[in-house]
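K.L.:
In our numbering, the protein residues as written are 2 to 158.
We put the CB at the ideal spot given by N, CA and C, even for glycine.
Here it is, the structure, as structure tokens.
Listed below in structure tokens is the structure:
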């Protein structure tokens with residue numbers, strides 16, 4: 002009986018060490034992202050939105066921080082990519098926003114919705130890759146109002 006207890010305690014100890022190692026290897030990044038309407042759309046520019054017509058520009062604004070809260074730029078990360086549920090990937094760039102008179106520095110990317118893109122609600126995610134190659138993924142809250150929604154109609158500038 003004592004040997005069985007000792008074996009069980011040893012097994013629990015080893016499992017605990019494995020989980021600790023797994024936690025230490027986890028990506029240590031925090032991602033915050035949103036979607037806004039790009040220039041030339043049917044509404045005001047850089048205002049939060051999840052509903053877009055074809056030919057409108059969807060822009061993603063992204064901040065990535067390390068565990069200390071430090072903002073990570075293009076020197077602190079290998080890259081940031083927005084991935085649509087259909088497999089399309091849009092690499093983000095780090096820079097000042099708005100471009101002419103920056104008030105914030107962040108990662109961003111944009112996509113003009115093709116005029117033949119299907120309507121509906123689509124998942125997307127943001128993937129940040131650290132300098133050592135580990136990745137951290139962020140996804141919006143899985144409710145229709147938070148996801149990318151392509152509505153009927155085509156924007157004509």
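At what residues does the beta strand (DSSP E) containing residue 95 begin and finish?
P.N.:
Start and end: 94-98.
K.L.:
What is the DSSP secondary structure of residue 69, counted as helix, strand or coil?
P.N.:
Of the three classes helix, strand and coil, the one that applies to residue 69 here is coil, per DSSP.
K.L.:
Would you report the Cα separation of residue 133 and residue 61, rounded to the nearest angstrom?
P.N.:
C-alpha separation (whole angstroms): 24 Å.
K.L.:
Please report the residue range of the beta strand (DSSP E) in which residue 135 lies.
P.N.:
From DSSP, residue 135 is part of no beta strand (DSSP E); its letter is neither H nor E.
K.L.:
Please return the same chain residues whose Cβ sits closer than 8 Å to the Cβ of residue 23, not counting the five positions on each side in sequence.
P.N.:
The pLDDT assigned to residue 23 is 44, lower than 50, so where the model puts this residue is not dependable; a value taken from the coordinates is nonetheless given after this. Nothing listed; no residue qualifies.
K.L.:
I'd like to know whether the C-beta atoms of residue 30 and residue 65 end up nearer to each other than 8 Å.
P.N.:
Cβ distance < 8 Å, so residue 30 and residue 65 count as in contact.
K.L.:
Rounded to whole angstroms, what's the CA-CA distance from residue 39 to residue 50? Just pull it up for me.
P.N.:
Distance between the alpha carbons of residue 39 and residue 50 is about 10 Å.
K.L.:
Report the three-state DSSP secondary structure of residue 101 (helix, strand or coil).
P.N.:
Coil at residue 101, not helix or strand.
K.L.:
Determine, using beta carbons only, whether residue 147 and residue 123 come nearer to each other than 8 Å.
P.N.:
Contact flag unset, no.
K.L.:
Please state the DSSP three-state secondary structure of residue 23.
P.N.:
Low confidence applies to residue 23: its pLDDT is 44, below 50, so where it sits in the model is not reliable, and the reading given next is rough at best. It is helical.
K.L.:
Work out the CA separation of residue 89 and residue 149 for me, nearest whole Å.
P.N.:
Each residue's Cα considered, the two are about 14 Å apart.
K.L.:
What are the residues that DSSP puts in a beta bridge with residue 118?
P.N.:
Partner(s): none; residue 118 has no beta bridge.
K.L.:
Hey, out of 113, 79, 42 and 55, whose CA is closest to residue 135's CA?
P.N.:
Selected option, being the one with the closest Cα: 79.
K.L.:
Please state whether DSSP places residue 145 in a helix, a strand or coil.
P.N.:
Here residue 145 sits in helix by DSSP.
K.L.:
Closest by CA to residue 119, which one among 56, 69 and 46?
P.N.:
The option with the nearest alpha carbon to residue 119 is 56.
K.L.:
Can you say whether residue 154 is buried or exposed, counting buried as having 16 or more other CB atoms within 10 angstroms of its CB?
P.N.:
Exposed, by the Cβ-count rule.
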